[in-house]
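*Asks:* I'd like to ask you about the structure that follows.
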Amino acid sequence: MAKGGSGLSEPAGGRVNSPGAVNTAFVLDMQRKLYRWSNADADKVFGDLFNLIIDQRTLAHAWARLARNRGSQTPGTDGMTRRKVEERPGGVALYLEQIRAEVRQGAYRPEPVRQRLIPKAGRPGQFRPLGIPTLKDRLVQMAVKLVLEPIYEADFYPTSFGFRRGRSTHDALAAVQRTLHPTNHGPSPVRFVIEGDIKGCFDAIDHHLLMDRIRLRVSDRKVVRLVHAFLKAGVMIEGSLRHPVTGTPQGGVLSPLLANIFLTAIDERYGRWTVRPRERLQQAADRRHTDRRAGRPTFRIVRYADDFVIMVAGTEDEAHAERDALARFLEQELRLELSKEKTLVTPVEKGFDFLGYRVVQTTALRTGRPVGNLYIPKQKVQRMRDNLKGRTTRSNLERTLGALIDELNPLVRGWRTYYRHATDACREFNSLDWWLGQRVYRWLCKKHRIRSWKRLRRRYYRPTPDRATARVWADGSRQLARFGEATTSRYRRKGSVTDVAWNDANPLPRRSDAKAYWSAVNSLLSLDPPMA
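Numbering (the numbering used here), first residue to last: 171 to 702.
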């Protein structure tokens, strides 16, 4: 790679007038080359990355990514927000140039992270610490992430799904479900599942072990020092400054990538039975088949950040032995503690909770074969009802129905979108629709101090545009969303290859003209189309 990243060319076929398009092309070309080199050589060490990080086009693209996020209006300890930067003399261009000069000269030092405690859902009295870096630190972290992510993405296992582009919680659930399904050779051999739970994982990541794993791929000392400075940045808690010894601050742009680099060691432990990077699926299947024929247990892991399940093809005693061996491995190799109270060994017929779903192996009605099914946990349904109930109480009677609808609709749409892939989701959705309709009706009766169904129906209960027989609560143009509006379907499982723009297995189409090319680029990166 040429010094300063000058070896990365402009888009073929001439320049594009849009600066944002040029920045996107440069970053995309850089990431594709870094990923290709990293994927081709598992032992390659990258030594000239600092100049790519401080390149003007990298910083400009990082700013564009941050500006699209509503968090850019959340200030850190310095009180700076995106709007304040845009209103300053010189605007964004001067701000980026000042940061570039500061990082380039070695004078940049990350500011302390402002910490906020976020209540844990369904756990009263428990909070999750969320770190809010300054806008400048978020910008530099984003630039570092743009350069490091394609390098380490080539080393991540296909069984890892958390905080990776092109992967989601539904992909992890689909992988678990597929493992519980029968194959061409018979029923699934998985009989037990180990539900993994690490105590305070993000707060307990050892800095020395993490930096050792980073140095396996990056030898650029300036980049290594930059990452280490982010880890050692102080935390501002209620006006007092603390310097952490372990952990990555949750909320930082770079933290998810660093956590994945560190937790890849867990995936490596089960690499004999799961697909490794740069490996064909059949090779892992052959190793599992060899062990099962020899009477040895096999273990397959699916991990989403620090949440993971290990599916055991063996006896219950072998599952308990593996749980104890995993606890020793985490303590000795990663200095993490496995919660034995929460790390349960569960038969697949009884089911287990993973990423908000209830996963159970049941008997298929049509074939009679054991299959993996995803259900909506009862406690999740009850928690949603409690949430909706708390927003339709007497304390909210002073607001209008339109304001109440604006508050309820995001909850309804988000919940139904996440759970629409569950078995019998329609039944739960219809039940919640009826229940929520009754809640809103009683709330209106209390608000208007009338119980005349005809008057309320004439004023607020209106037919939907698509179905004349269906009615919803509405106020003006605002209508209460229905859970049943979501189309329930089985989630389409993706392949083991991450579907990102820099992956050569999913290349961008060769452009026949500038308009088609930039349309493809910007759609992949969720950017606005370039100006003509």
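Glycine included, each C-beta is placed from N, C-alpha and C at the ideal position.
Leaving out five residues before and five after residue 300 in sequence, what residues of the same chain have Cβ atoms less than 6 angstroms from its Cβ?
*Replies:* 286, 288, 420 and 421.
*Asks:* If you drop the 5 nearest sequence neighbours on each side, which residues of the same chain put their C-beta closer than 7 angstroms to that of residue 583?
*Replies:* 651
*Asks:* Counting along the chain, where does the beta strand (DSSP E) carrying residue 644 start and finish?
*Replies:* 641 to 645
*Asks:* Assuming contact is defined by CB atoms lying nearer than 7 angstroms, are residue 360 and residue 479 in contact in what I supplied?
*Replies:* No. Outside cutoff.
*Asks:* For residue 330, write down the residues that DSSP places opposite it in a beta bridge.
*Replies:* 473
*Asks:* In or out: residue 425 buried (at least 16 other Cβ within 10 Å) or exposed?
*Replies:* The residue is buried, with at least 16 neighbouring Cβ atoms inside 10 Å.
*Asks:* In the structure shown, what three-state DSSP assignment does residue 456 receive?
*Replies:* helix
*Asks:* From the DSSP output, read off the bridge partner residues of residue 633.
*Replies:* 641
*Asks:* Between residue 375 and residue 432, which are expected to be in contact by the criterion C-beta below 8 angstroms, what is the C-beta distance as a whole number of angstroms?
*Replies:* Residue 375 to residue 432, Cβ: 5 angstroms. Contact.
*Asks:* Just to confirm, is the Cβ distance from residue 593 to residue 545 under 7 angstroms?
*Replies:* yes
*Asks:* Does the distance from the CB of residue 661 to the CB of residue 340 come in under 7 angstroms?
*Replies:* yes
*Asks:* So, using beta-carbon positions, are residue 276 and residue 390 closer together than 7 angstroms?
*Replies:* Cβ distance not < 7 angstroms, so residue 276 and residue 390 don't count as in contact.
*Asks:* Measuring CB atoms only, is the segment 372 to 387 touching the segment 530 to 547, in the sense that at least three cross pairs come out at less than 8 angstroms?
*Replies:* With the rule of 3 Cβ pairs closer than 8 angstroms, the segment 372 to 387 does not count as touching the segment 530 to 547.
*Asks:* Roughly how many angstroms separate the alpha carbons of residue 350 and residue 531, rounded to a whole number?
*Replies:* 7 angstroms
*Asks:* Within 10 angstroms of the Cβ of residue 237, are there 16 or more other Cβ atoms? Answer buried if so, exposed if not.
*Replies:* exposed
*Asks:* Specify whether the segment 517 to 529 and the segment 318 to 327 touch according to this definition: at least 3 beta carbon pairs, one from each stretch, less than 8 angstroms apart.
*Replies:* By the Cβ criterion, the segment 517 to 529 is not in contact with the segment 318 to 327, since fewer than three pairs of Cβ atoms, one from each stretch, lie closer than 8 angstroms.
*Asks:* Compute the Euclidean distance between the alpha carbons of residue 659 and residue 596, then round it to the nearest angstrom.
*Replies:* 10 angstroms
*Asks:* When DSSP builds the beta bridges, which residues end up paired with residue 480?
*Replies:* 364 and 471
*Asks:* Would you call the CB atoms of residue 270 and residue 229 closer than 7 angstroms?
*Replies:* yes
*Asks:* Tell me, to the nearest whole angstrom, how far the beta carbon of residue 500 is from that of residue 428; I am working on the premise that it is less than 8 angstroms.
*Replies:* Contact flag wrong, Cβ pair sits at about 17 angstroms.
*Asks:* Quick check: what's the CA-CA separation for residue 555 versus residue 601?
*Replies:* 11 angstroms
*Asks:* Taking the beta carbon of residue 264 as the centre, do at least 16 other beta carbons fall within 10 Å, making it buried, or is it exposed?
*Replies:* exposed
*Asks:* How about residue 460 and residue 443: are their beta carbons less than 7 angstroms apart?
*Replies:* no
*Asks:* Counting C-beta neighbours from all protein chains within 10 Å, is the total for residue 657 16 or more, i.e. buried, or is it exposed?
*Replies:* That one is exposed.
*Asks:* Can you tell me whether residue 599 is buried or exposed? The criterion is at least 16 other CB atoms within 10 Å of its CB, across all chains shown.
*Replies:* buried
*Asks:* Which parts of the segment 538 to 567 are runs of the beta strand (DSSP E), unbroken and 3 residues or longer, counting only runs that do not cross its ends?
*Replies:* 540 to 545
*Asks:* Using 7 angstroms as the threshold, is the C-beta distance between residue 533 and residue 613 below it?
*Replies:* no
*Asks:* How about residue 237: is its Cβ closer than 6 angstroms to a heavy atom in the ligand FMN?
*Replies:* With respect to the ligand FMN, the structure shown offers nothing to examine, as it has no ligands at all.
*Asks:* With distances taken from CA atoms, which of 317, 281 and 642 is nearest residue 302?
*Replies:* 281
*Asks:* Look up residue 382 in the DSSP assignment and say whether it is helix, strand or coil.
*Replies:* helix
*Asks:* Could you spell out the range, first to last residue, of the alpha helix (DSSP H) harbouring residue 578?
*Replies:* 571 to 589
*Asks:* Ignoring anything shorter than 3 residues or poking outside the segment 259 to 289, list the beta strand (DSSP E) runs there in chain order.
*Replies:* 283 to 289
*Asks:* Out of 272, 297, 312 and 342, which one is the CA nearest neighbour of residue 664?
*Replies:* 342
*Asks:* Checking the sheet assignment: what are the DSSP bridge partners for residue 300?
*Replies:* 286
*Asks:* With a 10 Å radius around its C-beta and 16 neighbouring C-beta atoms as the bar for buried, classify residue 252 as buried or exposed.
*Replies:* buried
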